[in-house]
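To start, the structure itself, in structure tokens.
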Amino acid sequence: MPAIRPALAWTLVAAALAVGAVGWGWRGVVLAVTVLAFLLLLQFNRVVRVMKRASQMPVGRIDSAVMLNAKLEHGMSLMKVVQLAGSLGTKVGDAPETWAWRDAGDVVVTVEMARAQVARWTLERPGDGVDPTSVPDRPAE
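Here my numbering = 1-based position in the sequence shown + 89.
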């Protein structure tokens, strides 16, 4: 489910309360508050499920960094990234907010967050540097 911007969320809350009050009086307001409380409980339940699953894995460890790299998108929330990774990331830096996940092959995905959303990410494999002894100086004849 895509995230809703706070201004839009508060506008929807005000609209629900207004429609409830105009349409059904105090009973409508009670209904609107009940529905809003239910929606907040659903969101809270979703966060708890993600954190429960993430708590079962070591911090910063994932099954496949390449798969996480392939599933990342600009604008994702940190909760969605944790849901995809299946574990909490290791905090690498504060400015910009940076998190990292590592798999068994020491492949690392580093995610930079800006305004609570994914701004950029990198995939670092061990031995990404080219070994000069493995590249021939001239083509084979």
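All residues carry an ideal CB built from backbone N, CA and C; glycine is no exception.
What you are looking at is a predicted structure, and each value in this text was computed from that prediction instead of being measured.
How is the beta strand (DSSP E) around residue i delimited, first residue to last?
i	result
L212	206 to 213
G182	179 to 183
The alpha helix (DSSP H) with residue i in it runs from where to where?
i	result
M156	154 to 160
V148	Where V148 is concerned, there is no enclosing alpha helix (DSSP H), given that its DSSP letter is neither H nor E.
V196	V196 -> no alpha helix (DSSP H), and no H or E assigned at all.
M168	167 to 174
Do you know offhand how far residue i's Cα is from residue j's?
i	j	result
A121	R135	21 Å
P225	A143	Bear in mind that a pLDDT of 37 at P225, under 50, signals an unreliable position, so the model cannot answer this.
M165	V207	5 Å
V198	R138	23 Å
Per DSSP, which residues does residue i bridge with? Please list them.
i	result
T187	G182, E201
Hey, out of the options, whose CA is closest to residue i's CA?
i	options	result
D152	V111, A103, K141, Q172	Q172
M146	G216, L125, A193, A184	A193
Under 8 Å: do the stretch 171 to 191 and the stretch 201 to 210 share three or more Cβ pairs, one atom per stretch? Judged by Cβ distances under 8 Å, the stretch 171 to 191 makes contact with the stretch 201 to 210, as three or more pairs qualify.
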